[in-house]
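Residue numbers (the numbering used here), protein chains in the order written: chain A, 1242 to 1354; chain B, 2 to 112.
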C-alpha cells in the first residue's frame, strides 16, 4: 500500500498560470511534509515544507495548503515560469524520530513559454 | 551549504558483479540515507543510518548491504548485482526531522 500518493503524474501549464500539484497520505502519524524539486541530472532539493500544526505555508510563488482531516496537501505555484519545469516530490515523515521520509512518485511539471 | 558527494557518478557492471557506491557528507549530520530512483516509482529508501556503525533497513533492502564507517561516510554494497538493480542511486544526509540534502546521484547499469 503506497503511503504517499501524488497526482497528476504530469502537468503542463502556460507561463504565468498557476500550477496545482496534489498529494495525499495514509499514515495519520505523519506530521512533517516537505516538497522536493528535482531538475534533470541533479539530486532533489528541498523547495518548501509544512508541519501538521499549520494549514498553509507560503514562500514566494510557492504555497502549500494542508488539510489534516482529509490527509491531503497541495502545492500551488503561482505565475509559473519555464524555469519551474521539474519533477516535484511530496514526502512525509513523523511518529518515530528517525528522520525517515516516505516519498510519492512525483509530478513532472512542464511550463510552456 | 550542505555538501554531499557520491562516487562513482556512473558505473557499468555485469550480472553477478560486485559494486560499491560511496557517499560522503561534510555537514556533521547524524543521519544518512541511500535511495534508488526509478521511473514511475519516485525515491525508494534502501538503507539508512543514525551514525557511525549504525544501520537501519529501509523499504527496499533486498540485494543490498550498507555500512557506515564514520559520521561522514556511508557505503552501499551490491555483492551479486542483478539487472533489476539498474537504477539511479542517491545518497542524502540530514539531522532528524530536518531537510535532507541529496548528492548528485550515481547511475548504475547492470548488464
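Backbone N, C-alpha and C define an ideal beta-carbon position, used for all residues, glycine too. Keep in mind it's a predicted model, so treat the numbers as computed, not measured.
Where does residue i land, buried or exposed, given buried means 16+ other C-beta within 10 angstroms?
| i | result |
| --- | --- |
| residue 1334 (chain A) | buried |
| residue 1318 (chain A) | buried |
| residue 112 (chain B) | exposed |
| residue 60 (chain B) | exposed |
| residue 1255 (chain A) | exposed |
| residue 81 (chain B) | exposed |
| residue 1322 (chain A) | exposed |
| residue 1330 (chain A) | buried |
| residue 1310 (chain A) | exposed |
| residue 10 (chain B) | exposed |
| residue 4 (chain B) | exposed |
| residue 1281 (chain A) | exposed |
If residue i sits next to residue j, beta carbons under 8 Å apart, how far is it from one beta carbon to the other, in whole angstroms?
| i | j | result |
| --- | --- | --- |
| residue 1332 (chain A) | residue 1344 (chain A) | 5 Å |
| residue 104 (chain B) | residue 93 (chain B) | 7 Å |
| residue 1274 (chain A) | residue 1261 (chain A) | At roughly 16 Å, the Cβ-Cβ gap does not stay under 8 Å, so residue 1274 (chain A) and residue 1261 (chain A) are not in contact. |
Mapping the DSSP letters down to three states, classify residue i as helix, strand or coil.
| i | result |
| --- | --- |
| residue 96 (chain B) | coil |
| residue 1300 (chain A) | strand |
| residue 1290 (chain A) | strand |
| residue 1355 (chain A) | Because chain A in this structure spans residues 1242 to 1354, residue 1355 (chain A) falls outside the shown range and cannot be described. |
| residue 1243 (chain A) | coil |
| residue 85 (chain B) | helix |
Pull out every residue of the stretch 80-106 of chain B whose Cβ sits closer than 9 Å to any Cβ of chain A, in chain order.
-> For the stretch 80-106 of chain B, the set of residues with a beta-carbon nearer than 9 Å to any beta-carbon of chain A comprises 91, 92, 93, 95, 96, 97, 98, 99, 100, 101, 102, 103, 104, 105 and 106, in chain order.
Name, going along the chain, the residues of the stretch 2-20 of chain B whose beta-carbon falls closer than 9 Å to a beta-carbon of chain A.
-> Listed by position, the residues of the stretch 2-20 of chain B near chain A (Cβ gap below 9 Å) are 5 and 7.
For the stretch 43-55 of chain B, which residues have a beta carbon sitting closer than 9 Å to at least one beta carbon of chain A?
-> So the list reads 43, 44, 45, 46, 49 and 51, given in the order they occur along the chain.
Relative to chain B, which residues along the stretch 1302-1332 of chain A have a C-beta separation below 7 Å, given in chain order?
-> Sequence-ordered contacts of the stretch 1302-1332 of chain A with chain B read 1330 [C-beta pairs closer than 7 Å].
Mind listing which residues of the stretch 23-41 of chain B have their C-beta closer than 7 Å to chain A's C-betas, in chain order?
-> Within the stretch 23-41 of chain B, the qualifying residues are 32 and 41.
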